[in-house]
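Asker: Be aware that the sequence shown starts at 661, since it is given in this note's numbering, and climbs by one per residue. I'd like to ask you about the structure that follows.
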Amino acid sequence: MRAALLLFPAHFRTDWGASVEETLLDRLDSESGGPLSTPWIVARTLIGLVAAAPGVWLDRAAHRRSLTPAPRRRESFAMDVLLQDLRFAVRSLARRPGFALVAVATLALGIGANTAMFSVVNGVLLRPLPYPDPDQLHMIWQTSLDDPDERSVMSRPDIDDIAELAPIAAIAGYSTSTMTMAGDEGAELVQAARVTTPLLELFDVEPVLGRDLTTDETTPEGPHRVVLGWELWQRRFGGRADVLGQVVDLAEVPYEVVGVAPRGFEYPSATELWIAERNAGAPGGCGRGCHTLRAVARLAPGATLASATAALDALAPRLTEQYPDSNTGKRFRAEGLAAYTVGDVRTGLLLVLGAVGLVLLIACANVANLLLARSATRATEMSVRAALGAGRGRLGSQMLVESAVLSGAGAVAGVGIAWATVSGLREMARDAVPRIDEVAIDGSVLMYAAGIAVVVAVLFGLLPALNAARSSGLTGLVAGNRGGTLGGRTRSRRMLVAAEVGLSLVLLVGAGLLMRSFQRLYAEELGYDADHVARFRVVLPDSRYEELEPTVTFFSQLEARLAALPGVEHVGSSFGAPLAPGRATVGVIVDGRPEPAPGEGEEAEARPMTPGFLDAIGVPLIRGRALTAADDRSSTPVALVNETFARTVFPGEEAIGRRVHLTVDFGYGDWDGELEPMWEIVGIVGDVRTAGPRTPAEPGVYMPVAQFGPGFLHVHLRTAPGLTAGVFAPAREILRTLDPDVPMRQPETLRESVDEETAVTRFYLTLMSLFAALAVVLASVGLYGVVSYLVSRRQREVGIRMALGATGDEVTRLLVKEGLAPSLWGLLVGVLVVLAGGRVLEGVLFGVEPSDPWVIAGVTLLLLVVVSVATTIPAHRASRMHPTVALRSE
């Protein structure tokens, strides 16, 4: 109690503090009637004190202004009126703490959900990238005539040609990988980026120590230099300045440290260090045929996306003419780095923000209904004030001020809710939304919350204010002393309920469509069994595994030891495994057919594997034979193909026994004088969606690692149920015993990889479901309140009807009919809105039409049941009232 009194001015505590305490003690003595009565009395008193404190402070401020000179008082007349209205509003709401608490809580839920969701949109979509002039940074992609929106990686020679264009100030190709860093501090895996151009210079950021890589150091023949990331510098080297000039081993190659990047610069994708790209474009390499690099560019001063696009469009035909074998069909396009970073989540986030906006509208409708009901009970008060000379504007402004007080309190509580939920949103969206770590409640989010509070105050306060302004002394006094309904208010409340039900239907349909989409994603046939499969990546260092024989020996020994672990059923390794980084799309030339023109031949994904890989992930052999350990360099080159390959390359023909030439080599030398031999197809296997459930299966060719390589594979272990997570520790020990310098990379389960692919849809579904559930609860409460209001205002009528012989069922039907009417109109309007605007959901749905009749029908039926229950309960309660009780209550 004394703590609550600290909210009041000192003079109030001196004059009234003791009296307040005595009053509380008197209440406890006189009203105590059970074990819960004392806490209830204390809580009610504390709520009243907290609500009354602002009014006392406003009284004090008004008293001080009354002592100022008359001219000043005239100038501040409007402020005095406002403060009087504020003081009256606070006192009025304090007399009805239950009403105030419900209204503030309703608004807090709506404003809090909107503020939290806007913080995500602000951090992900609206906040500029943390680089100088971020609008000048663009990704450059290779595309094709058939797919101009394609995002394909580039070759280094093409990147070098683009660097000569006038709109391009600088361009860098890059690839990423994990590398083993060894030194006096021990060995660890680090995320590395290989770049063709100094990257810090391109992004216009200064190193905190030393310098960036130079142009000479980013050539294939340049010296080995490395720039460290700030986090790696702090973690591994303790932030020491003497790190410059220190030599570190990266994949058993010595690199000299020449600089440290500034804190927060981790482009691309959490990179910890930057070195030169030495493979792409190296002398004797595959040149323009090697598409392994992403490219980021900074536009020249004055250049625009349009001018860069025009220059790229002009370059592509010139390169096709000069290099028809490699560049036929190639095109290039530029895309803003911010748009690429955000990816495809923009549409989904804006849709969810719109959905939570609908929740706020429903909350506003609920509070407006509460205020309309309260204004009906204050009809006598308003009429007396009007009779004493208060104008309509004065009455309306008083109601708006009360709305503003409620909205302000709701905004404060809503910001608190948003603050508490943002961390949960960040965690929920960690695998689904880029830049999610940048989401926070900052100044712009608080400004948004303040703006929402103003809009909300007008939205739910305008209708009650207009009703108050239209009140007259006679009608108000009559309405205040007799039962019946006030037609204007009743119509307003019914319209608000119809709006709530319609908005709820829109939200529920959105959630239902996302749920169907999520079910379709999970039910989509992937072509493999992701359950009970553990996997990790192994990258053998080139310095000791330059030849194919030691590479094959290492993986054979590794798989044999892994297969001996308890609970392990199958072991196999592959390059190009499902949902794993690394793809090799190669050209296909069929033996016996004319060689196709450049850019017109068939293509397929090359997927080298060990014999146990297909069994490890559950891919079936359709016909033919599987690969065996006998398929090595001493035998005929053989391959398996998937059904899509057989159907595409050999339509209407038998693929088994045919030979194909693949335009790819992983660097293990020629085969009997042939750098790229002919592969005989010995079997056909099932299709695998390697890029996820949203992407159709691509033509694929599976060759033996013992014949093809490479030395970087994903190892897969199928285990007994419940043992999957437990194989990583012994597998890591087996790796260490085989080669201490070959670490386990990216350990994960295959199910985790599949779940990551559906993480975005799951994130949207979770939020939409929460918002839809909240909307249904608010709409149900609003409808229940409307029917209860109708019952309370028509008690006299109900009593007369029942006294004249009406049965309880007839009264129930009458009241239910009046309560259901606005709900049915709301359902109808909601269905029309869904049918007209459902197309906005197309970008986030999979395998489901926005106008899915089953979803719309199911949601409509669900809401019909909900509104029927919410309507029937108060109507049934009214029908059980005895006529004399109903008449006496009037």
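Glycine included, each C-beta is placed from N, C-alpha and C at the ideal position.
Classify residue 932 as helix, strand or coil using the three-state DSSP reduction.
Answerer: Three-state result, residue 932: coil.
Asker: Give me the Cα-Cα distance between residue 923 and residue 1239, rounded to the nearest whole angstrom.
Answerer: Roughly 31 Å between the two C-alpha positions.
Asker: Under 8 Å between the Cβ atoms of residue 816 and residue 835?
Answerer: Against a cut-off of 8 Å, the Cβ pair of residue 835 and residue 816 comes out as no contact.
Asker: According to DSSP, which residues form a beta bridge with residue 782?
Answerer: According to DSSP, which records beta bridges pairwise, residue 782 is partnered with nothing at all.
Asker: Drop a sphere of 10 angstroms on the beta-carbon of residue 1503, count the other beta-carbons inside from all chains shown, and report buried for 16 or more, exposed for fewer.
Answerer: Exposed, by the Cβ-count rule.
Asker: Does DSSP put residue 1142 in a helix, a strand or coil?
Answerer: Note that residue 1142 scores a pLDDT of 47, beneath 50, so its modelled location is shaky; the value from the coordinates is reported in the next line. Here residue 1142 sits in coil by DSSP.
Asker: Taking only runs of the beta strand (DSSP E) that begin and end inside the segment 1163 to 1200, which ones reach a length of at least 3 residues, in chain order?
Answerer: Counting whole runs of 3 or more residues, the segment 1163 to 1200 contains the beta strand (DSSP E) stretches 1193 to 1199.
Asker: When burial is assigned at 16 or more other CB atoms within 10 Å of the CB, is residue 982 buried or exposed?
Answerer: When all chains shown are included, residue 982 counts as exposed.
Asker: Sort 1528, 1360 and 1250 by Cα distance to residue 1268 and report the nearest one.
Answerer: The shortest C-alpha separation from residue 1268 is found at 1360.
Asker: In whole angstroms, what is the alpha-carbon distance linking residue 1112 and residue 1486?
Answerer: Their Cα atoms are separated by approximately 25 Å.
Asker: Closest by CA to residue 1443, which one among 1416, 891 and 1524?
Answerer: Nearest of 1416, 891 and 1524 to residue 1443, Cα basis: 1524.
Asker: Where does residue 1083 land, buried or exposed, given buried means 16+ other C-beta within 10 angstroms?
Answerer: The residue in question, residue 1083, is exposed, as its Cβ has fewer than 16 Cβ neighbours within 10 Å.
Asker: In or out: residue 990 buried (at least 16 other Cβ within 10 Å) or exposed?
Answerer: Under this definition residue 990 is a buried residue.
Asker: On the criterion of 16 or more Cβ atoms from any shown chain inside 10 Å, does residue 671 qualify as buried, or is it exposed?
Answerer: With fewer than 16 other Cβ atoms within 10 Å, it is exposed.
Asker: Compute the distance between the beta-carbons of residue 1063 and residue 1121, then report whether it is under 8 Å.
Answerer: Contact flag set, yes.
Asker: Which residues in the same chain have their Cβ closer than 7 Å to the Cβ of residue 1180, if we skip the five residues on either side of it in sequence?
Answerer: 1506, 1507 and 1508.
Asker: Assign residue 1269 to one of three DSSP states: helix, strand, or coil.
Answerer: The answer is strand: DSSP assigns residue 1269 an E or B state.
Asker: State the DSSP-derived secondary structure class of residue 917, mapped to helix, strand or coil.
Answerer: Residue 917 falls in the strand class under three-state DSSP.
Asker: Let me check one thing: in DSSP terms, what residues is residue 835 bridge-paired to?
Answerer: Per DSSP, 854.
Asker: Give me the residue from 871, 804, 768 and 1164 with the minimum Cα distance to residue 1069.
Answerer: It is 768.
Asker: Apart from the five residues just before and just after residue 803, which ones in its own chain have a Cβ nearer than 6 Å to its Cβ?
Answerer: Hits under 6 Å: 810, 991 and 993.
Asker: So, are the CB atoms of residue 1282 and residue 1344 less than 8 Å apart?
Answerer: Result yes, Cβ atoms of residue 1282 and residue 1344 sit closer than 8 Å.
Asker: Excluding sequence positions up to five away, which residues of its chain have a Cβ less than 7 Å from the Cβ of residue 1352?
Answerer: Within the same chain, residue 1352 has close Cβ partners 1239 and 1417.
Asker: Buried or exposed for residue 1427, going by 16 or more other Cβ atoms inside 10 Å?
Answerer: It counts as buried.
Asker: Can you tell me whether residue 1389 is helix, strand or coil according to DSSP?
Answerer: Of the three classes helix, strand and coil, the one that applies to residue 1389 here is helix, per DSSP.
Asker: Using the three-state DSSP reduction, which class does residue 1405 fall into: helix, strand or coil?
Answerer: The answer is strand: DSSP assigns residue 1405 an E or B state.
Asker: Residue 932 and residue 892 look like a contact to me (Cβ under 8 Å); what is the Cβ gap, rounded to whole Å?
Answerer: Indeed, because the Cβ distance is near 4 Å, the residues count as touching under 8 Å.
Asker: As a quick exercise: from 1206, 1022, 1526 and 1295, pick the residue whose alpha carbon is nearest that of residue 1156.
Answerer: Comparing Cα-Cα distances from residue 1156 to each of 1206, 1022, 1526 and 1295, the minimum goes to 1022.
Asker: Going by other Cβ atoms of all chains shown within 10 Å of its Cβ, with 16 needed for buried, is residue 841 buried or exposed?
Answerer: Counting Cβ neighbours within 10 Å, residue 841 comes out buried, since at least 16 surround it.
Asker: Ignore the nearest five residues each way along the sequence and tell me which others in residue 1491's own chain have a CB closer than 8 Å to its CB.
Answerer: Closer than 8 Å at Cβ, skipping near neighbours: 1165, 1516 and 1520.
Asker: With a CB to CB cut of under 7 Å and the five nearest residues on each side skipped, what residues in its chain are close to residue 678?
Answerer: Contacts found: none.
Asker: Please state the DSSP three-state secondary structure of residue 1364.
Answerer: Three-state DSSP puts residue 1364 in a strand.
Asker: Check this for me: beta carbons of residue 1005 and residue 1437, under 8 Å apart or not?
Answerer: No; because the gap between Cβ atoms is not below 8 Å, this pair is not in contact.
Asker: Note down the Cα distance separating residue 1498 from residue 1170, rounded to an integer number of angstroms.
Answerer: Going from the Cα of residue 1498 to the Cα of residue 1170 covers about 8 Å.
Asker: Reducing DSSP to helix, strand and coil, say where residue 823 ends up.
Answerer: Note: residue 823 maps to coil in three-state DSSP.
Asker: Does DSSP classify residue 1423 as helix, strand or coil?
Answerer: Residue state, collapsed to three classes: helix.
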